[in-house]
């Protein structure tokens, strides 16, 4: 038996329970401490600048158009679904845009036009393009970030924010 084990044999039940209570109290206190002032809630709207992504005339139904938002280092897609969808914009309420970086580990997602989902080649997370990027399956712990869109009178489509934090960004600031 090692010296360390010999020392533990001498610990009585009362000492053991008191030590456990102190450890539990410390753990509980650490979970109720307020978040730092600069922390951003995961479900907060991200206010990125407004950027033109394309025009309604540029889109074909169920064919993703590659975009970058909020900057060139953040790939995404613009999609015309062909039927009204959650948070869809445009005359038919069917235009949406998403980040194509998997929120789990940042793999670039592939779009499957057959079931209208985004699929991660890394750990197989799947996201529903028709339901706000909701996770269908996989290791990711959050939905796919969806871009907030606005359509101008001339058909130009602008992104003006994001529903969640884009993978790899430590905050909601560019």
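Residue numbers (my numbering): 6 to 179.
Quick reminder that beta carbons are idealized off the backbone N, C-alpha and C, glycines included.
Report task. Give the DSSP bridge partners of residue 70, in chain order. Result -> The sequence position of residue 70 within the chain shown is 65, counting from 1. BP columns for residue 70 point to 83.
Query raised in the report: Hey, residue 157 and residue 84 are a contact pair by Cβ (cut 8 Å); roughly how many whole angstroms apart?
Result: Within the chain shown, residue 157 is the residue found at index 152, counting from 1. Within the chain shown, residue 84 is the residue found at index 79, counting from 1. With 8 Å as the limit, residue 157 and residue 84 do not qualify as a contact, their Cβ atoms being about 18 Å apart.
Query raised in the report: Under 8 Å, do residue 174 and residue 163 count as touching if we go by C-beta distance?
Result: Sequence index remark: in the chain shown, residue 174 carries index 169 (1-based). Sequence index remark: in the chain shown, residue 163 carries index 158 (1-based). No, Cβ-Cβ distance for residue 174 and residue 163 is not below 8 Å.
Query raised in the report: What number of angstroms, rounded off, separates the C-alpha of residue 121 from the C-alpha of residue 101?
Result: Locating residue 121 in the chain shown gives position 116, where the first residue counts as 1. Locating residue 101 in the chain shown gives position 96, where the first residue counts as 1. Residue 121 and residue 101: Cα-Cα distance of roughly 12 Å.
Query raised in the report: Quick one: what's residue 100 bridged to in DSSP?
Result: Within the chain shown, the letter at position 95 stands for residue 100. According to DSSP, which records beta bridges pairwise, residue 100 is partnered with 85, 94.
Query - Nearest candidate by alpha-carbon position, reference residue 65, set 146, 76, 110, 82 - result: Here residue 65 is taken as the residue at index 60 of the chain shown, counted from 1. The candidate whose alpha carbon is nearest that of residue 65 is 82.
**Report entry** For residue 63, the three-state DSSP class (helix, strand or coil)
**Finding:** Residue 63 sits at position 58 when you count from the first residue of the chain shown. Helix.
Report task. Sort out for me which residues DSSP pairs residue 124 with in a bridge. Result -> Taking the first residue of the chain shown as 1, we reach residue 124 at position 119. Per DSSP, 115, 131.
Query - Coarse secondary structure for residue 142, derived from DSSP in three states - result: Counting from 1 along the chain shown, the entry for residue 142 is found at position 137. It is a strand residue.
Query raised in the report: Going straight from the alpha carbon of residue 95 to that of residue 105, what length do you get?
Result: On the chain shown, residue 95 is found 90 positions in, with the first residue counted as 1. On the chain shown, residue 105 is found 100 positions in, with the first residue counted as 1. Rounded to whole angstroms, residue 95 to residue 105 spans 21 Å at the Cα level.
Requested in this report: Check the C-beta distance from residue 126 over to residue 112 and give it rounded, since I have them as a contact under 8 Å.
Outcome: Translated into the one-based positions of the chain shown, residue 126 becomes position 121. Translated into the one-based positions of the chain shown, residue 112 becomes position 107. Going by Cβ atoms, the distance from residue 126 to residue 112 rounds to 6 Å, so yes, they are a contact pair.
Query - Neighbourhood of residue 168 by C-beta distance below 6 Å, restricted to the same chain and skipping five residues each side - result: Position 163 of the chain shown holds residue 168. Result list for residue 168: 150, 151, in chain order.
**Report entry** Span separating the alpha-carbon of residue 90 from that of residue 160
**Finding:** Working through the chain shown from its first residue, we reach residue 90 at position 85. Working through the chain shown from its first residue, we reach residue 160 at position 155. The straight-line gap from Cα to Cα measures roughly 18 Å.
Report task. Count the other C-beta atoms from every protein chain shown that fall within 10 angstroms of the C-beta of residue 140, then say buried if there are 16 or more, exposed otherwise. Result -> Against the chain shown, residue 140 aligns to sequence position 135. Residue 140 is buried by the Cβ-count criterion.
Report task. Work out the CA separation of residue 170 and residue 146 for me, nearest whole Å. Result -> Sequence index remark: in the chain shown, residue 146 carries index 141 (1-based). Sequence index remark: in the chain shown, residue 170 carries index 165 (1-based). Cα to Cα, the separation comes out at about 12 Å.
Query raised in the report: Is it right to say residue 115 is buried, meaning 16 or more other beta carbons lie within 10 angstroms of its own, or is it exposed?
Result: By one-based count along the chain shown, residue 115 stands at place 110. So residue 115 ends up on the exposed side.
Requested in this report: Grab the span of the beta strand (DSSP E) containing residue 152 for me, first residue to last.
Outcome: Numbered from 1 along the chain shown, position 147 holds the residue referred to as residue 152. Residues 152–156.
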